[in-house]
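If you read the protein sequences in the order shown, they are chains A and B.
When you read off a place in the first sequence, starting at 1, and then add 120, the result is the number in our numbering.
When you read off a place in the second sequence, starting at 1, and then add 38, the result is the number in our numbering.
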Amino acid sequence: MRVTEDGGDEGIEMATKSQRKKQKRKQKQRKNRAQQRRRVAESGRKNRRVAADSARYRQRLERQTPEAWEGEPSVDVAVFDDAVLESLPSEQANQVLAVREALQLAGESRADAALERVAEISRGSPLSEWRLFLRGMVAWMADEGEAAEEAWKRLDPERRPGRMAVALINALRDDLESVTAAETKDQASDAAAESWKDRLDRPLLYHAKLLRRARFDRTAVRIAEAGVRLPDESRHLLLGPRKISWLKTFAKEYRQTEPRLVAALEQVALGRAFAQDYSDLFNQAVRAFSGPRHDRRNLLLSFFYYDRFSEDAVTESLSERALREYLETDLPQNEELSEPLRRAIASQIHLNEALALVRPRSPGFGMNMMEILYGSSEDAKAIRKQFQAAAKAWPANRQAYRAHVDWIESKLENDRLNKAQREPLVEELARVMRDWSRGLPDDAEPRLWLVDHLLENEETEAARPHVEWLAASRQEDPRVRAVPWKWRLLEAMRLCRRKKNIDQVPPLLEEAEAHWPAWLSKAWLPYLQAAVLLRGGQADEYERQREQTCRASGRARDSLADACLMLGAAQQMRVPHSDLKPLRAPVDAAVKGLDELPIEELLLAGECFWDLHRAQLLYPAYRMHGGKLARELWDRLANSRALVVERIDDPQMHSAVLWCSEHRFGSGSYELKLPKWYSRLPVREHRMFVAAKVNALLKMRNVFEIREESDAAPFLREAAQTERDPFYRYWFNRLANDLEDFLKSESRGGFGFDSFSRMFGAADDDDLDFDPDCDCPRCRAARQAHEAKSKS
Amino acid sequence: MTTTNQSDPFQILGVPADAGEAEIRARYLELVKKFPPEREPEKFREVHAAYEAARDPLLIARRLLEPPAEEPPQWSQAIEEQRQIRPPLTPAFLLSLGNRAPEHRASVDASG
Chain A
121 MRVTEDGGDE GIEMATKSQR KKQKRKQKQR KNRAQQRRRV AESGRKNRRV AADSARYRQR
181 LERQTPEAWE GEPSVDVAVF DDAVLESLPS EQANQVLAVR EALQLAGESR ADAALERVAE
241 ISRGSPLSEW RLFLRGMVAW MADEGEAAEE AWKRLDPERR PGRMAVALIN ALRDDLESVT
301 AAETKDQASD AAAESWKDRL DRPLLYHAKL LRRARFDRTA VRIAEAGVRL PDESRHLLLG
361 PRKISWLKTF AKEYRQTEPR LVAALEQVAL GRAFAQDYSD LFNQAVRAFS GPRHDRRNLL
421 LSFFYYDRFS EDAVTESLSE RALREYLETD LPQNEELSEP LRRAIASQIH LNEALALVRP
481 RSPGFGMNMM EILYGSSEDA KAIRKQFQAA AKAWPANRQA YRAHVDWIES KLENDRLNKA
541 QREPLVEELA RVMRDWSRGL PDDAEPRLWL VDHLLENEET EAARPHVEWL AASRQEDPRV
601 RAVPWKWRLL EAMRLCRRKK NIDQVPPLLE EAEAHWPAWL SKAWLPYLQA AVLLRGGQAD
661 EYERQREQTC RASGRARDSL ADACLMLGAA QQMRVPHSDL KPLRAPVDAA VKGLDELPIE
721 ELLLAGECFW DLHRAQLLYP AYRMHGGKLA RELWDRLANS RALVVERIDD PQMHSAVLWC
781 SEHRFGSGSY ELKLPKWYSR LPVREHRMFV AAKVNALLKM RNVFEIREES DAAPFLREAA
841 QTERDPFYRY WFNRLANDLE DFLKSESRGG FGFDSFSRMF GAADDDDLDF DPDCDCPRCR
901 AARQAHEAKS KS
Chain B
39 MTTTNQSDPF QILGVPADAG EAEIRARYLE LVKKFPPERE PEKFREVHAA YEAARDPLLI
99 ARRLLEPPAE EPPQWSQAIE EQRQIRPPLT PAFLLSLGNR APEHRASVDA SG
């Protein structure tokens, strides 16, 4: 029952249940608001008391400036008075300057630098007192009171360093508040007879107390503790207007005396403003508080903040504007950072931007979710511009070159490219490799590529310095050690371009045989020799060589491996098109009748292809059938667990599986499709199968799946230690490094600069370990588990 | 990611990601004193390698460009950390500790 506002009889009426509930809720809200007001008022009163006290303390601190006394030695006065400094002889003036710098360093706890600065002052110098004082000072700053006393006890009590030492040492006393000062100079002298540190006159006692308050009692810390307890306007807020206003005042008052505390609280405020989705409060915070050294105006922070809402055009534009302003205005003018650091930051921003623009790799086979959702177009011009800017800003940015190479190679993987489309990409790749080699002259990777590319284009002289460098280097990479072999092989292939040079080729092949790397099969050599015979028009000799090769190797003539090796050798040795045609026929026939190919033939071919892959000697026609054959082999192996397990230690099986991993096991770019047996013993713990999986994953760069393979890095490192084959010994370590590098960069990625977040808008999904829009089995399972957890 | 933390030179040295060259060097010298090569050769090697890495501008740049943590930072933690770090002392304040009472001050007026 309630009385209506007019209070009349008719006003008396029965309240319904829901009205009573509403009324109760309102009463509760009123009560809460009143309580909060009381708390704020109380806290305000307390803060005002503390603030008044603190204002007096700050005034005292502001009055604290060194002042000379009558008869004070000029060398001491010069330490704080420029006019007196100018009157000193140059040697003394230099020593005074050193003392000034050392005091600054000692006050910042940079002990070694401080002592180093005054090391030149000799014992006979009138400034040696300062050297002694500084020795005690660095000990005092490190809370080593006894060591400080030991140094200071020899100081002249009538000079400034001696007096400073008395104030400093007494500031450590817990009973300082109850200590009384010596009233007269004589009393002070009498006390000094007991101990130098008892020579405490009134000014020194005052200074000791002030110092104790500034350094040990830390009023500002107490005020900050009370301030941060101020309730925010709503319990949903991490940082409200009231707290922002309080911190602004606090920062103004204490920035001078407690710079680190103020900076730390400002960083917390910015972090809290960042963590909530109220852009008005975020803007207030970034305007009010200074950011860290590299981002004083919080432009980078604003970029990250607005980047979270990238589905929205307005916030996307705000985010881009903030980053552009940071990169073009703020960063170049930031003198708090060294010039190399400024350039390195710019380079990394350009690289991150390029990576954010790059779509995941185009699929080899299978379906690509990204392309279905967003189409295959990407802004190649913008991507190139960002990659180039990254390399220009910091020419030693290895990651920038690697990512650029990776991007171009992903384009070159497209089988549908014609020669005119392919050539500019290869030229671009060559430019990147040249820049890489110049920017990081100790890297073998670009040089290895350049040797192949330059010899392919008959630029022998341009290739020579790289070959010489590689041959002389002590790189662990077995491919580098194999350079003398490869040089001869490539030179033989180059000479085959002109028939008149054919005579020079057999001796070169003999030399290549002598330098053949131990880790690489020689199966290809007789085919190369046969190809030279064919190129030279010696058809009978060629036939004899083929027959002999088949007999010696046990491969049937025109079987898959035999046909592919011959076609590859003939193409590399520039056999004319008319002679190539019959060599293509058995390969084309095999591809047409994939179903009928015996698995043994596929395994044998896989073994040969793996060698060509790792020696980086794939022939041009490989693009037409390599992928198809790899998919067929993998489909067969995926359904033949027994065969895999039976031959799990067979090097031929290893080569075949590793070759399939080069083709990402026939998976698309989004999800690595592996049979169940891959995650069971003994396959799961076999070094070659682990290496193959990591190799495939790194080619896909699927963040979700790679994340789960972090244990593979230490596993591969351990496997490398016991591996006998020099190639695998090196390659396992390299895979482990690449995997760790990827995981590191991925763990740093967060939402900013991340292509996934830009495409999906990850603002609310940051703590999910699955993609809410993805329908792959892993994400589906993780999503179901998450939903079940949320319901429970 | 444990692998990241174990090889993080800033974490090994115990300095923030935006630490300046001087701060990194000071901390390095402190650690070298604590772990001299003759007594703690392994730890010294780790510290030295971290020092070399932490001076690489590109590595520093990568750290600085990491987006802020998603978890909101806590006021109490920052205050507690700051409580352990004493504020620096400026030379002017330090030098003023040796001042005598006002009556002893050197006269600066024209009468000398």
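Even for Gly, the Cβ is constructed at its ideal location relative to N, Cα and C.
| query | result |
| --- | --- |
| For A:L288, which residues in chain B fall below 8 Å Cβ to Cβ? | L135 |
| Note down, in chain order, every chain A residue with its Cβ under 8 Å from the Cβ of B:A116. | A384, L385, Q387 and V388 |
| Counting contacts by CB-CB distance shorter than 9 Å, is A:S229 in contact with chain B? | yes |
| Could you tell me how far apart the beta carbons of A:L859 and A:M820 are, in whole angstroms, since I believe they sit closer than 8 Å? | Actually they are not in contact, since the Cβ atoms of A:L859 and A:M820 sit about 12 Å apart, beyond 8 Å. |
| Against chain A, with Cβ distances strictly below 9 Å, would B:G52 count as a contact? | no |
| Buried or exposed: where does A:R407 fall if 16 or more other Cβ atoms within 10 Å of its Cβ makes it buried? | exposed |
| Give the list of continuous alpha helix (DSSP H) stretches no shorter than 4 residues that lie fully inside the stretch 406–479 of chain A. | 419–427, 433–445 and 459–477 |
| Helix, strand or coil for B:R143? Go by DSSP, reduced to three states. | strand |
| Once the 5 residues before and after B:A139 are set aside, which same chain residues still bring their CB inside 8 Å of it? | none |
| Considering only residues of the same chain and omitting the five flanking positions on each side of B:E59, which have a CB-CB separation below 8 Å? | R93 |
| Using 9 Å as the threshold, is the C-beta distance between A:R614 and A:L575 below it? | yes |
| Name the chain B residues whose beta carbon is nearer than 8 Å to that of A:L419? | The premise fails here: A:L419 is roughly 12 Å from chain B at the closest Cβ pair, so nothing lies under 8 Å. |
| Which of the residues in the stretch 87–104 of chain B, read from start to end, lie with their CB under 7 Å from any CB of chain A? | P95, L96, I98, A99, R100, L102, L103 and E104 |
| What does A:T377 touch in chain B if you count any residue whose Cβ is under 7 Å from its own? | P125 |
| Excluding the 5 residues preceding and the 5 following A:A291 in the sequence, name in chain order all residues of the same chain whose CB lies nearer than 6 Å to its CB. | A328, L331 and R332 |
| Excluding the 5 residues flanking A:L609 on each side, which residues of the same chain have their C-beta closer than 7 Å to its C-beta? | A632 |
| Any Cβ of chain B within less than 9 Å of the Cβ of A:G495? | With a pLDDT of only 47 at A:G495, under the threshold of 50, the placement of this residue in the model should not be trusted; the figure read from the coordinates follows. No - not a single Cβ of chain B is within 9 Å of the one on A:G495. |
| Taking the straight line between their C-alpha atoms, what separation do you get for A:L545 and A:P834? | 36 Å |
| Where do the ends of the alpha helix (DSSP H) carrying B:I50 lie? | P47 to L51 |
| Just to confirm, is the Cβ distance from B:P126 to A:S410 under 9 Å? | no |
| Pull up the distance between the alpha-carbon of A:V258 and that of A:S830, whole angstroms please. | 45 Å |
| Comparing the C-beta of A:P323 with each C-beta of chain B, is any distance below 9 Å? | yes |
| Please state the DSSP three-state secondary structure of A:D858. | helix |
| Identify, in the order they occur along the chain, each residue of the same chain with its Cβ nearer than 8 Å to the Cβ of B:F85, setting aside the five sequence neighbours on each side. | First, the amino acid is wrong: residue 85 of chain B is Val here, not Phe. Result list for B:V85: I50, L51, Y66, L69, V70 and F73, in chain order. |
| Check whether the Cβ atoms of A:L447 and B:L135 lie closer than 9 Å to each other. | no |
| Taking the C-alpha atoms as reference points, what is the distance between A:L757 and B:A116? | 57 Å |
| Going by DSSP in three states, A:D563 sits in which element: helix, strand or coil? | coil |
| Are the stretch 314–321 of chain A and the stretch 344–352 of chain A touching by the rule of at least three beta carbon pairs closer than 8 Å? | no |
| Would you list the residues sitting across from A:W189 in a DSSP beta bridge? | B:R143 |
| In the DSSP assignment, find the unbroken alpha helix (DSSP H) run with B:I117 in it and report its ends. | W113 to Q122 |
| Smallest Cα separation from A:Q600: which of A:L717, A:R158 and A:A735? | Looking at the sequence itself, residue 600 of chain A is Val, so the reference to Gln does not match. The candidate whose alpha carbon is nearest that of A:V600 is A:A735. |
| Any C-beta of chain A sitting closer than 9 Å to the C-beta of B:E80? | no |
| Whole angstroms are fine: how far does the CA of A:T669 sit from the CA of A:W607? | 24 Å |
| With H, G and I counted as helix, E and B as strand and the rest as coil, what does DSSP make of A:G484? | Low per-residue confidence applies at A:G484: pLDDT is 39, beneath 50, and the placement is therefore not dependable enough to give any value. |
| So, at 8 Å on beta carbons, what are the nonlocal neighbours of A:L937 in its own chain, with the 5 sequence-adjacent residues on each side left out? | Past the edges of chain A, shown from 121 to 912, lies residue 937 of chain A, and the structure says nothing about it. |
| Going along the chain, which unbroken runs of the alpha helix (DSSP H) with 4 or more residues stay wholly within the stretch 498–523 of chain A? | 500–513 |
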